[in-house]
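Heads up: the sequence lines are chains A and B, in that order.
Under our numbering, the first residue of the first sequence is numbered 332, with each subsequent residue one higher.
Under our numbering, the first residue of the second sequence is numbered 2, with each subsequent residue one higher.
All residues carry an ideal CB built from backbone N, CA and C; glycine is no exception.
These figures come from a predicted structure and were not determined experimentally.
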Amino acid sequence: MTALLEATDLGVDFPIRSDTPFAAPQRLRAVDGVSVCVGRGEIVGVVGESGSGKTTLGRAILRLVEPTRGAVRFDGVDLAGLSPRAMLPIRRRMQAVFQDPAGSLNPVMTVGAAIAEPFAIHGIGNRRDRPGRVAALLERVGLSADTAAKLPYALSGGQRQRVGIARALAVSPDLIVADEAVSALDVSVQAQIVNLLGDLRAELGLAMLFIAHDLAVVDHLCDRVIVLYLGRVMEAGRTDAVFSAPRHPYTRALLAAAPQIDPALRRVPVVLAGELPSPVSPPSGCVFRTRCPHAIADCSEAVPPLVGDANHAAACIRQAEIG
Amino acid sequence: MTPLLDIRGLTLDFVDDDGTAWRALHGFDLAIEAGETLALVGESGSGKSVTGLAIMGLLDRRRARIGGAIHFEGRAGNLLDLPSAEIARMRGRDVAMIFQEPMTSLNPVMTVARQIAEPLRRHQHLKGAVLRDAVIAALTEVGIPDPARRAAAFAHELSGGMRQRVLIAIALACNPQLLIADEPTTALDVTVQAQILDLLQSLQARRGMAMLFISHSLAVVAAIADRVAVMYGGSIVETAPAAVLFASPRHPYTRGLLSSLPGGQRGQRLRAIPGSVVDPRRRPPGCVFGPRCGHVDAACTTGAVPMAAVAVNHASRCLHWAAL
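This is the structure in structure tokens:
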């Protein structure tokens, strides 16, 4: 059986304008050699700090930015080079939910009109059955039907995010790319939205690429996870395997740095020196080596491949010794 | 022993353009002992940031009417009655503040050195080589590598973590007794957040400084606080030593917040608090958490709920705390 979404060796470069006229053009490698698979009904987490390339990866998969290298296959169809017209039926099947629900809703469009817009774009149903469809979607995401007449400013942050999810669901997609979809929400409301996403997967068989920096939410919601650093995959595998027995020094540092309420769960902190290097001139070999407490001379020689199996793999040449 | 900072019955009313007023803080007491870290934790709109600004005297007096009393260091006078010139003399010298977004708190057209020198010049009247040495020492103390070179940098040349270190250096330049830190690590990545929390704790231990740490994150608060005050809808609803609060919370809101955090069984539903965060302009009568609470009854909705003593140093604004 083919996976619903299969991104292979994906790379995205952004050209950078140089300060001096005759200098060679520079390229920023936002994403480099990333492969990720999402099966039907599966939730795959993408974690990493700012600058890790997680948002660009999501946008490249949705073809909101054009990948520089690699391939994206959706339900067996290679998306590269598809015309906008040929993309349209595929866009219906993959939808996006963004972090800031206030910024992704048109402030002068009622909630009902925003949710009904995809019906017109994709020619679903007719004008008369739209109010009924909108009401059903609002109910599905836990909002009352009279919300349809409201404007976004009249809603709370949690309600706006529910509208964003309802709009993504309007076209009955198979995959949702959720980019920091719960990050801007208050804790008590965040839990409601996490529950809603879990319910949608269970009831509609929805698959998700869940991009987040909050490790606890990813641990809770995702079946599998990939850990990105400076545009590359450091570790990938089943969430329980990666989070309970991390193999890559970066994953370990990330988990150890996350504050814990339960004193029993606190780990010995791994203090990472410094901050993320510039993606314009990433370190040679392993991109994490400049901050890694285990780095040796060999780490600068070649880009370490992901070693392991589908359940758990890490891109570290010393993973066996430091374990 | 008198506490370092003693807040009594603090109220805050904001006046809108049309002259109508609405209450953002609903009268609470809060005390900070010398050298301790008190965390103020709450969701958006709970009033935690305006509490910090009220202490610093940074609210516009034409728009914000503050009531109650704030005493600092056992001095006779109420800070709220002091003339603004007197408050300005205290800011940066006795009490200093750092904020969430260091980029907007730093002056973009002034070098790091000039911004650190400002409080030293103003309060300690340092000049020349002594001032320059004090600036370099301040940068060194907050762990900035190559401080002599960084002193000449502008904010845009620094990373987020470095900017926050500079902000801490400015705040601590004159050795204040109290640091108010408003979400100081929220804009930072988790590995950098760990570095900054570590830095704040070691500076505090070295100087014996007290800290009011304002945060929305229970996990960060658990890592840094001695005592915690939980805010909701402009009131403090529970205060307790950190270990006690997280082990045996006695307010339904605190309990709800803790149980809605992920971290239990993977794939199970989280126990979310129903409804949305209270709009401070539409506060319900009686208990502010009543409409979202599973323990609410008629008594909860009739009048303002007072703080009840649960144990020494532990208080809850809930009529039913004993039954929880």
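DSSP, read as helix, strand or coil, puts alanine 273(B) in coil. With fewer than 16 other Cβ atoms inside 10 Å of its own Cβ, glutamate 87(B) counts as exposed.
In this structure, alanine 211(B) places its C-beta atom within 8 Å of the C-beta atom of alanine 35(B). In this structure, isoleucine 169(B) places its C-beta atom within 8 Å of the C-beta atom of leucine 200(B). For threonine 192(B), the chain A residues whose Cβ falls inside 7 Å of its Cβ are Glu380, Ala584, Leu585, Ala588, Leu603, in order along the chain. The C-beta separation of histidine 252(B) from arginine 318(B) comes to about 7 Å, placing the pair in contact by the 8 Å criterion.
Around the CB of threonine 387(A), 16 or more other CB atoms lie within 10 Å, so the residue is classed as buried.
When C-beta distances to chain B are compared with 8 Å, the residues of the segment 479–492 of chain A below that value are Ser487, Gly488, Gly489, Gln490, in chain order. As summarised for the segment 215–244 of chain B, the continuous alpha helix (DSSP H) elements at least 4 residues long and confined to that stretch are 219–225, given in chain order.
The Cβ-Cβ distance between leucine 410(A) and valine 369(A) does not fall below 8 Å.
Close to glycine 257(B), with beta-carbon spacing below 7 Å, are these residues of chain A in chain order: Ser519. Arginine 491(A): member of the alpha helix (DSSP H) spanning 488–500, first to last residue. Annotated as distal: leucine 585(A) and threonine 186(B), with beta-carbon spacing of 8 Å or more. Under the three-state reduction of DSSP output, glutamine 125(B) falls in the helix class. Taken atom to atom, the span from the alpha-carbon of alanine 226(B) to that of valine 556(A) is near 32 Å. If you keep only unbroken alpha helix (DSSP H) runs of at least 4 residues inside the segment 133–175 of chain B, you get 148–151, 161–173. For the C-beta of arginine 24(B), not a single chain A residue is nearer than 9 Å; the gap to the nearest is close to 20 Å. Only buried fits isoleucine 171(B), as 16 or more other CB atoms lie within 10 angstroms of its CB. One alpha carbon belongs to valine 221(B), the other to arginine 597(A), and they sit about 12 Å apart. Spatial neighbours of cysteine 630(A) in its own chain (CB-CB distance under 6 Å, excluding positions within 5 residues in sequence) are listed in chain order as Gly616, Cys617, Arg620.
Taken in chain order, the unbroken stretches of beta strand (DSSP E) that lie wholly in the segment 539–571 of chain A and span 3 residues or more are 555–560, 563–569.
Beta-bridge annotation (DSSP): histidine 315(B) is paired with Ala312(B). Not flagged as an interface residue toward chain B: alanine 497(A), since no C-beta distance is shorter than 8 Å. The continuous alpha helix (DSSP H) containing leucine 204(B) extends over residues 191–208.
The beta carbon of glycine 529(A) sits closer than 8 Å to some beta carbon of chain B. Looking from the CA of isoleucine 507(A), the closest CA among Arg422(A), Ala334(A), Ile455(A), Val367(A) belongs to Arg422(A).
Uninterrupted alpha helix (DSSP H) stretches at least 4 residues long and entirely within the segment 342–423 of chain A occur at 385–392, given in chain order. Using beta-carbon distances, alanine 547(A) counts as an interface residue toward chain B, with a partner under 8 Å. For the 8 Å CB-CB criterion, proline 449(A) and arginine 498(A) form a contact. When C-beta distances to chain B are compared with 7 Å, the residues of the segment 367–400 of chain A below that value are Glu380, Ser381, in chain order. Look at isoleucine 274(B): its C-beta is under 8 Å from a C-beta on chain A. When only Cα atoms are considered, glycine 407(A) and glycine 364(A) end up about 20 Å apart.
For asparagine 642(A), no chain B residue has a Cβ inside 9 Å of its Cβ, as the nearest lies near 15 Å away. The three-state reading of DSSP puts histidine 625(A) in coil, since its state is none of H, G, I, E or B. Boundaries of the beta strand (DSSP E) harbouring glycine 68(B): 65–73, taken from the DSSP string.
Residue Gly473(A) holds the alpha-carbon nearest to the alpha-carbon of glutamine 523(A) among Gly473(A), Ala427(A), Ala451(A).
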